[in-house]
Structure formats: C-alpha cells, structure tokens
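Number of protein chains: 2
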Amino acid sequence: MPPGLKDVAKRAGVSIKTVSNVVNGYAHVAADTRARVQGAIAELGYRPNVAARQLRGGRSGVIALALPDLRSAYFAELASMIVQAAEKRHWTVLIDQTGGRADRERDLAGRLRRHLIDGLIFSPLAMAAGEIAVDVPDTPMVLLGERVWHGPADHVAVDNTAAAADATRHLCELGRRRIAAIGAQDGPVAVSAQQRLAGYRAALEQHGRTVDPALIAPAAEFHRADGAAAMGRLLDSGEPPDAVFCFNDLLALGAIRTLLDRGYAVPGDVAVVGFDDIEEGRFSTPTLTTVSPDTAGIARLAVELLAERLDQPLTGDGAAAEPSFREIRVEHRVVPRESTLGRLAARRR
Amino acid sequence: MPPGLKDVAKRAGVSIKTVSNVVNGYAHVAADTRARVQGAIAELGYRPNVAARQLRGGRSGVIALALPDLRSAYFAELASMIVQAAEKRHWTVLIDQTGGRADRERDLAGRLRRHLIDGLIFSPLAMAAGEIAVDVPDTPMVLLGERVWHGPADHVAVDNTAAAADATRHLCELGRRRIAAIGAQDGPVAVSAQQRLAGYRAALEQHGRTVDPALIAPAAEFHRADGAAAMGRLLDSGEPPDAVFCFNDLLALGAIRTLLDRGYAVPGDVAVVGFDDIEEGRFSTPTLTTVSPDTAGIARLAVELLAERLDQPLTGDGAAAEPSFREIRVEHRVVPRESTLGRLAARRR
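Protein chains in written order, with the numbering used here: chain A, -14 to 334; chain B, -14 to 334.
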C-alpha cells in the first residue's frame, strides 16, 4: 500500500493537518516545519492527493481562457458568454488577462501548466502563430480572433476585412463623401487593425472614392479616450469628415463624445460606425451603428471545438493522430442605428 | 532515490513522453495506455513533477479572483486593476465568474483547490459570511464588497449606505422634490441594494422629504436593460419624478436612454445619478453624475492584504496565530457631471 498522510505525519512528528497544509501549499506553515514535512514526503515517496486525484480522473474539469483586456467590453462580454457555454459541460473557466503583451502571452503556458487545466481558449494579441505552436505544445487549444489564421490549433474568428468593408460600404451607400477611419496601427501586434484598414480601403475603392491618408487616424489603444483624441485630431487637421468608421465600438463612442462636445450633430454632420456590437452601443445616445460579429457563436464554437479535441480518438502509444486544424469563420452583419440613420429613421426600421 | 519518469515509462512499457502526458492530464492518451501508466505510477510510488514543484516552492505564484459578473463594467474594471496590482508582485490572477449564484459560490473552494492557488480574492453576492467561513477553510482570502462585514477574512469595501446617502443628498441640494430610486431588491442576495436604499431613505428624511414608495422601483438585475425598463414603469405609473438615484451606473445609463426616448430632458426634466464611476459614464451623453468609490484603492488593498496574510508570522506546529480580520473602508465621493448639472454647469466645474 502506498504511504498516506498519516505515515508522513508520523515520520515528520506533526499533525495530519500540518502535512495537508504543506501538500496543498498553504502559507500558514513555519519554514522548519515545512522542511521536515517535505523531507518525510521525499523519504516515504508519498504522492499527494492533488496529483492522485488528477491521475484518477485524467481531467480537472477546468479550462483556461486567456484574453487581452477585460476593460474592453467586447472581451468582457465574450468571456461571460464562454463561461456560460462551458457551464453546460460543467466546466469551470479560469480567465487570464494577458494585457495583450508578448511577454505575458509567451509565459502563458508556464503560468497555466501547473494548474492542471484540460484545455485553453486563447485570444492572442501579440504572439505570432509560430510562437504559439512552440510555447503551448501539449495543451488542447482553440484560438480566437483574427491574429492567427492558419495557426497551430482550431481557430474561430470573424472575417475582419470583409466586415470592415461592409461597415464602410454602409457609409458610402448613405452618400457620405469624406469617410474617415479611426484605429490605424503599425507593427506586428496590429494585424487586426490592418485587416480593418484593408477592408475600409477596399470598400472606398469599390465605390470609386480615393483613399485620403489625411482621413486615416491612428489610435494607440482601442479605448474610448483614444477614439475621443483621434476624433479631435481629425477635426483640428482640416476640413472635417462627414463620416467615420471606427475599428471598435469604444473608439466610436469616444469619437461621438468629441463630436457632440465640438457642436457637430451625429449623424447630421458626421455619421459614425463602430465594430463589436457591445451592449453599451444599444443604449448610448445616439445608439451606435456597428458591425455585429456572432459573439455568442464564437463562444459556443470555441467550447465545442475544445470539447471535441478533448474527446478525440487516439492511436496506440498515446500519441494523437496527426491533427488537422479547423478554421471557422462566424457570421457578421452591419446593424444600422441612430449614429448613421438618425433617430427617426432608426426607429422606423 | 525516488522513482522518476524513466522508471515509470519502463515499468509501463511506454515512452517517457507518454508518462508525462498522463501525469500532466493531457487528453491525447488512449484509455488503456493511461491505465497502464497509472498502474506503474501507483506501484512505484512515483510523485509527479507538478506536486514536487509545488512542494519545493510552497507557492504557486497564482491567486484566484472570484466575482459575480464580467458583463458588469464595474467588476471588469476592478478585475483589470487587481491583475495590474498583482503583477507588481509577479502574481498571476485567474478569474472565476460565479454569476453571483449561491451554488457556484459555494462550490468555489472545490473548483479552485486543485489549482494550487496561493490565495483568493472573493467578491461574494449570494453567500453569507458564515457559509464562506465553512466553505473556504484553508485558503488565505480577502473579501470585497459590502455583502460581508464582520466576515471570516480581511475585508475591503466602500461605505455603501453613506455613499448612497451622499448621492441622494446631491439631488436634494439641487432642489429636486420627487426623487426616485431604481434598483430595489428583496431577499438575502440583496444586501447591497438594501444598503443603498437605506442611504437613499436616510438622506430624504434628513432633508425633510417624505419617502414615497411609488417612487422606489425594483430591478431584477443591475444591467442597462433593467434600468431602462424600471424608468419606463416609473414614467407610466403617475406623475414623473424630477430626479432618480440609480443603484449602479448601468441602471442609470439605461434609465437615461428611456428618458431621452420619451422626450424628457436630462437633467432639465429629470436629473440622474448612478453609482460605480465606470468609464462609460465619463463618455456618455449626457456624462453621468455618479458615486465614485476608490476602485483602484480596493484593488491595491486587496492585493496588499492578501500578501500580508501569505507572509504572516507563524507558530510552532504550522498553525497560524489566531487571526484578527481587518475591515477596511475605502473612500468614495460624488462626481457631479452633466446628468445632474447640465452641460454648461458641468463644464464650468
């Protein structure tokens, strides 16, 4: 019979409770006591329950969700939906906020591995696809977001470029001539922004408009304050635009606030479109026209794909069959509201 | 020398990699292979690395944060601040969304214990203080929120009743006569709502106003849609109020949307105050007057108190000295903005 807690306690000359405290990593154990218990554990070859439980079940019932930023309402809403979808499978979801920083994303596997998670749903911002393959080698994973097409795992995302083109087309069809963009970004972390910019350009060219670089405003981050500042710069720099496509809803809500503060009517003077369809834009004044990705579908699919990976049939020696990874694009649609249609027209729809 | 991975692999007749996959709980191992490896582990008394690593360090460097609802911007912003505060100590924070449901809050310890967390920051909604003491017995913990004064752990919260009274007083001082409240709730999970209602009543009585039960509107949840619906019911039920104190910002933003939709001016006809000071209210139209708790202070203190608990001096046999729990109230202030002052007055401040 393998040694138990009792044997360790006897050998170390402490209570069973104290052994349990050491094994479970609790803090309230004096250093010398901890050392004595650890010595007894090593001598006896005792295997703590946490590992035994894990070995019996093979599954912890817990998955991790790693995403850039909970202050971004889109990610907070997505996280909430993933928790709900996972609950139907009786999974607990532990959420890790990476800040979208490469060092924290790279360190993700290290930070999560000891937690006996069954799988990972990961929305990377800074890491490239190749890095992810290296750094999260053994954990079943589903990737979210437009960062990593053809990555090393199943992947669920909206067609970013097409969605941005649809948003811009909506503004063209309303007869707007000087259509600005807010949210341009450079560098390797800016894949999403670059795809949205590409969609914006494509739609303008399709409508025979020239792309005016003076109407493309960068944003360091995608928060309300960035949108407010970028809109201010656009208004200060020459003839104002008559429409703005913002690369997310928070930028759009910040831009609207600046427009109203400066005495511009929305959409009378400037029509505004966002991207994400966060709840805030359904209650803002004016309500926000936006690209609505099927976020609930992303959450549901992410959990389903991960569940399939966990249940996958296996070959003899425990090596999985060479996996083929799925790329799933979810639907999107433009939802016209007051910020482009005006109040009465929006109500009639 | 204790047995190693190699010994287990030899005994089970599989590769070291396969043993590692079983030990780490990865899914891609056939059931019979897994059973053979587990048998060899048991025979040899092998202690997997995950436990060994834990025993060496005594700390995992990971804490858990359990909170009700990430769709509520206040909790998402609080979570983000706690992650930042913890990062200064090189802690990883795993977030668990409980939905504020008693069953998920009760099961918290069970869901987290196997994850070798060093400590827990817990914002309970449904659990009572006594239950928390029973169900999270061994993990160093800090409690957040007004639910659990005199609970079984260090506790950080705003003075809810005083803050609600201050918000209501602000409306009284502006000369409003029919001041409504949105967010009343019954039952044991409604402590926070009841404290805010008590503050509202106290301030009205202090200003010699009678409390009109017809002006107290319940809200099932604290989301924008609940505020919008409650405001609609208040407007339908008789003489409209000339001010509303909403028990959080999301309720207030929903209420404002209903007022504007029905043709009421804010604050001209109805002044509105919220509670939480979420970022959204600084950019909404009108900007939102609100109670601003020191949320960054709550985040910082929660992490500091937990760190102190983890470093606490200890007595001989590993039992901690009888702990005395700290109750810390953070500051709050009313931030007047356009929803009570109007646009020009708000700008002059």
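Glycine is no exception: its CB is placed at the ideal position from the N, C-alpha and C atoms.
Mind listing the chain A neighbours of residue i? Cutoff is C-beta to C-beta under 8 Å, in chain order.
i	result
Gly239/B	Phe268
Could you name the residues of chain A that residue i contacts, counting a contact when the two beta carbons are closer than 7 Å?
i	result
Ala55/B	Rather than Ala, the amino acid found at residue 55/B in this sequence is Leu. Simply Leu55, Ala61, Ala64, Ser65.
Leaving out five residues on either side along the sequence, give the residues of the same chain with a beta carbon under 6 Å from the beta carbon of residue i.
i	result
Arg105/B	In the sequence on display, residue 105/B carries Leu and not Arg. Ala49, Thr124, Met126, listed in sequence order.
Arg294/B	Pro125
Arg316/A	First, the amino acid is wrong: residue 316/A is Glu here, not Arg. Excluding positions up to five away in sequence, the list reads Asp279.
Phe268/A	none
Using the beta-carbon of each residue, which ones in chain A are nearer than 9 Å to residue i?
i	result
Arg91/B	Within 9 Å Cβ-Cβ: nothing; Arg91/B doesn't reach chain A, min ~13 Å.
Asp81/B	Val68, Thr77, Val78, Leu79, Ile80
Ala281/B	Those within 9 Å of Ala281/B in chain A number zero; the least Cβ separation is about 13 Å.
Ala58/B	Arg56, Ala58, Ala61, Glu265
Which same chain residues, not among the five before or five after residue i, have their C-beta less than 7 Å away from its C-beta?
i	result
Val78/A	Ile48, Leu50, Ile67, Val68, Ala71
Val(-7)/A	Val4, Val22, Ala25, Ile26, Leu29, Tyr31
Pro226/A	Arg163, Ile164, Ala165, Leu200, Leu219, Val255
Arg161/A	Asp227, Ala228, Ala256
Thr18/A	Val(-1), Thr3
Ala213/B	Gly239, Ala240, Arg242, Thr243
Against residue i, what residues of chain B qualify as contacts under a CB-to-CB distance less than 7 Å, listed in chain order?
i	result
Glu264/A	Arg209
Arg242/A	Phe268, Thr270
Enumerate in chain order the residues of its own chain whose CB-to-CB distance from residue i is below 8 Å, with the five nearest sequence positions on each side excluded.
i	result
Pro321/A	His155, Thr274, Ala331, Arg334
Asn233/A	Ser57, Tyr59, Gly168, Phe207, Gly259, Phe260, Asp261
Gly130/A	Ser108, Pro109, Leu110, Ala142, Ser177
Val229/B	Ile164, Ala165, Ala166, Ile167, Met216, Leu219, Ala237, Ala240, Val255, Ala256, Val257, Val258
Val14/A	Thr3, Asn6, Val7, Val22
Arg74/A	Val288, Ala292
Glu190/A	Val196
Thr146/B	Gln180, Arg181, Ala183, Gly184, Ala187
Within 10 angstroms of its Cβ, does residue i collect 16 or more other Cβ (buried), or is it exposed?
i	result
Asp221/B	exposed
Ser309/A	exposed
Gly184/B	buried
Ile102/A	buried
Asp88/A	exposed
His192/B	exposed
Thr243/A	buried
Ile1/B	exposed
Thr195/B	exposed
Ala204/B	buried
Pro198/A	exposed
Gly85/B	buried
Ala149/B	buried
Glu323/B	buried
Glu224/B	exposed
Ala250/A	exposed
Glu312/A	exposed
Gly172/B	exposed
Gly303/A	Its pLDDT being 44, under 50, Gly303/A is placed unreliably in this model, and the value from its coordinates should be taken loosely. By the neighbour-count rule (16 or more Cβ atoms within 10 Å), Gly303/A is buried.
Asp139/B	buried
Gly266/B	buried
State the CB to CB distance for the pair residue i and residue j, rounded to an integer number of angstroms; the pair is presumed to be in contact (CB under 8 Å).
i	j	result
Leu236/B	Asp254/B	With 8 Å as the limit, Leu236/B and Asp254/B do not qualify as a contact, their Cβ atoms being about 18 Å apart.
Ser277/A	Arg318/A	6 Å
Thr270/B	Leu326/A	Actually they are not in contact, since the Cβ atoms of Thr270/B and Leu326/A sit about 17 Å apart, beyond 8 Å.
Gln82/A	Leu128/A	With 8 Å as the limit, Gln82/A and Leu128/A do not qualify as a contact, their Cβ atoms being about 17 Å apart.
Leu55/B	Leu286/A	Rounded, the Cβ-Cβ distance is 20 Å, inconsistent with contact.
Ala61/A	Ala61/B	4 Å
Arg314/A	Glu264/B	Their Cβ separation, rounded to whole angstroms, is 31 Å, which puts Arg314/A and Glu264/B out of contact at 8 Å.
Ile283/B	Leu93/B	The pair is not a contact, with the Cβ atoms about 20 Å apart (cut-off 8 Å).
Below 9 Å on C-beta distance, what does residue i contact in chain B?
i	result
Ala213/A	Phe268
List the residues of chain B that residue i touches, going by C-beta distances under 8 Å, in chain order.
i	result
Leu245/A	Thr270
Can you list, in chain order, the residues of the segment 166 to 177 of chain A whose Cβ is nearer than 7 Å to any Cβ on chain B? Residues passing the 7 Å Cβ filter: none.
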